[in-house]
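Novice: Quick note on our numbering: the sequence shown kicks off at 36 and runs consecutively. Glycine included, C-beta positions come from ideal geometry on N, C-alpha and C. Note that the structure is a prediction, hence the values are computed from the model and not measured. Structure provided below as structure tokens; questions to follow.
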Amino acid sequence: MKKRLYIVRHGETEYNAKGICQGQKLDAGLTETGRQQAKIAASKLENFNAGALYTSPMRRAYETAQIIGHHLYLKPQVHNGLIEGNFGIAEGVSMEMVRRWPEFPDWTNPDTAYIDSHYLGGESKRLIRDRAMQALDDICNTCIADDIIIVTHSAVARLLNWTAGSTVRRIMPNASVSELVYEDGKLSQQQNKLLLLSCCAPCSCAVIKKLAEEDADFTVVFYNPNIRPKEEYDKRCAENKRVCELYGVPFIELEYDNERWCGLTQGFENEPERGSRCSVCFEMRLQRVMEYAKANGYTAVSSVLGVSRYKNLEQVNAAAAKASQIVDFPYRQIEGRKNGMQELRQQLIEELNLYNQDYCGCKPRHL
36 MKKRLYIVRH GETEYNAKGI CQGQKLDAGL TETGRQQAKI AASKLENFNA GALYTSPMRR
96 AYETAQIIGH HLYLKPQVHN GLIEGNFGIA EGVSMEMVRR WPEFPDWTNP DTAYIDSHYL
156 GGESKRLIRD RAMQALDDIC NTCIADDIII VTHSAVARLL NWTAGSTVRR IMPNASVSEL
216 VYEDGKLSQQ QNKLLLLSCC APCSCAVIKK LAEEDADFTV VFYNPNIRPK EEYDKRCAEN
276 KRVCELYGVP FIELEYDNER WCGLTQGFEN EPERGSRCSV CFEMRLQRVM EYAKANGYTA
336 VSSVLGVSRY KNLEQVNAAA AKASQIVDFP YRQIEGRKNG MQELRQQLIE ELNLYNQDYC
396 GCKPRHL
């Protein structure tokens, strides 16, 4: 039995904002910043196919789960085993002070995930971890969904990630999302190797920058046989490659199969933008990229085909769903319009002096 788990830390609380240690005894709700963080987490989780949502009973986690559940149409289910640890005398004390205590280094060291280190009057790391693992056993053995969202707390999330093999020492940010795999009572890290289909540098630059800053394991692929003439295709391909080189991202160019594209879209020459020809075009390109990804060890395909306001995002997603079913390979939606992405895109177009073409590719004005 294999389950994919999306471990979410709750959004910011008043204690987080003030830098105060909180555990079981301090249970504040979310700040306005925390609610916005939860909405951003929900947008990220929208890219996955989660079928269930579980949460700690504590107020800050439950409010986060409610926001995520509202966004994804999932009802939060409470599991007491996901509760935060009891940190004894550390609770209510400033984190600046707690960091000076001799016990603190153990709480940031993945090599000590199983020891009995604890603050006076509090629970040990071992106890918190074992309780959380028992909660995951209960959830994964009873939930029929293969993809499950778990909303919990900083110590719990970090201990679960360490159990899965992570060596990250920093405290997990509020509303951060980490992906783990649960199988036969054991946790491992989700290996994500993403292949990102790019149509051009102006549409992909912001997404490439964001993924690179997140240290995502991804490669950009340029498969756009719809672009003509060939001189225009070469110009866009070179510009996209330049952006990838700036951010240290691998770049692949697939074949330029314009004849096949023309054959598939024959009869749709007079279709308007967002018409049937676009669907045929999207399906062809996404299917080919998924076939390549499946044969070359990638775990999912994404694209920036719907980033431009001139494109119908629902049409792109429908084409991706169809291609995904044909190839039997997962497609992951990536946010390229909201949460400041359009503003970042315009900023990068100017800063990098990107070549910004004036037509999609399939119907240049001079042909």
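List the residues that DSSP assigns as beta-bridge partners of Val186.
Specialist: Val43, Thr90
Novice: If you drop the 5 nearest sequence neighbours on each side, which residues of the same chain put their C-beta closer than 8 Å to that of Ser152?
Specialist: Glu138, Asp141, Trp142, Ser159, Lys160
Novice: Excluding sequence positions up to five away, which residues of its chain have a Cβ less than 8 Å from the Cβ of Ile55?
Specialist: Leu61, Gly127, Val128, Ser129, Met130
Novice: If you run the structure through DSSP and keep just helix, strand and coil, what is Leu402?
Specialist: Note on Leu402: pLDDT 45, under 50, position unreliable in the model; the coordinate value appears next. It is coil, neither helix nor strand.
Novice: To the nearest angstrom, report how far apart Ala180 and Arg39 are at their CA atoms.
Specialist: 9 Å
Novice: Quick check: the Cα distance between Arg134 and Met325, rounded to an integer number of angstroms?
Specialist: 48 Å
Novice: Quick one: measure Cβ to Cβ for Val212 and Phe253, integer angstroms, because I've assumed they're closer than 8 Å.
Specialist: Contact doesn't hold; Cβ gap of about 16 Å is too wide.
Novice: Under the assumption that Leu383 contacts Ala170 (Cβ atoms under 8 Å), give the Cβ distance between them as a whole number of angstroms.
Specialist: Not really, about 43 Å apart at Cβ, beyond 8 Å.
Novice: Determine the DSSP secondary structure at Pro260, reduced to helix, strand or coil.
Specialist: Shown here, Pro260 sits in coil according to DSSP, grouped into three states, outside any helix or strand.
Novice: Does Thr48 come out as helix, strand or coil in the three-state DSSP assignment?
Specialist: strand
Novice: Which whole-angstrom value is the C-beta distance of Arg95 and Leu117, which I expect to be below 8 Å?
Specialist: Arg95 to Leu117, Cβ: 12 Å. No contact.
Novice: Under the rule that 16 or more other beta-carbon atoms within 10 Å means buried, what is Ile124, buried or exposed?
Specialist: exposed
Novice: Name the one or two DSSP bridge partners that Ala335 has.
Specialist: Leu229
Novice: Could you tell me whether the segment 367-384 touches the segment 337-345, using the rule of 3 or more Cβ pairs below 8 Å?
Specialist: yes
Novice: Could you tell me the alpha carbon to alpha carbon distance between Glu119 and Ser311, rounded to whole angstroms?
Specialist: Answer to the nearest angstrom: the Cα atoms are 52 Å apart.
Novice: So does the segment 281-297 actually touch the segment 258-266, counting three or more Cβ pairs closer than 8 Å?
Specialist: yes
Novice: Using a threshold of 7 Å, state whether the C-beta atoms of Arg44 and Asn209 are closer than that.
Specialist: yes
Novice: Inspect the CB distances between the segment 74-84 and the segment 101-114 and report whether three or more fall short of 8 Å.
Specialist: yes
Novice: Whole-angstrom Cβ separation of Tyr41 and Ala85, contact assumed at under 8 Å?
Specialist: 6 Å
Novice: Taking C-beta to C-beta, are Ala353 and Leu230 nearer than 7 Å?
Specialist: no
Novice: Apply the 10 Å Cβ neighbour rule to Gln322 and answer buried if 16 or more other Cβ atoms are within range, or exposed otherwise.
Specialist: buried
Novice: Using the C-alpha atoms, what's the distance from Glu218 back to Glu249?
Specialist: Inter-residue distance for Glu249 and Glu218 is about 26 Å (C-alpha atoms, whole angstroms).
Novice: Using the three-state DSSP reduction, which class does Lys276 fall into: helix, strand or coil?
Specialist: Lys276 falls in the helix class under three-state DSSP.
Novice: With C-beta atoms as the reference, is Ser233 less than 7 Å away from Asn275?
Specialist: Yes, the pair counts as a contact, with Cβ atoms nearer than the cut-off.
Novice: Can you list the beta strand (DSSP E) stretches of 3 or more residues lying completely in the segment 105-178, in chain order?
Specialist: 111-113
Novice: Apply the 10 Å Cβ neighbour rule to Met36 and answer buried if 16 or more other Cβ atoms are within range, or exposed otherwise.
Specialist: Exposed, since its Cβ has fewer than 16 Cβ neighbours within 10 Å.
Novice: May I have the straight-line CA-CA distance separating Lys221 from Asn391, to the nearest angstrom?
Specialist: About 49 Å.
Novice: Put Ile206 into one of helix, strand or coil per three-state DSSP.
Specialist: DSSP places Ile206 in the coil class of the three-state scheme, outside both helix and strand.
Novice: Compare the beta carbon distance of Ala73 and Ile183 with 7 Å and say whether it is the shorter of the two.
Specialist: no
Novice: Would DSSP call Gln224 helix, strand or coil?
Specialist: strand
Novice: State yes or no: is the C-beta of Ser189 within less than 7 Å of the C-beta of Met207?
Specialist: yes
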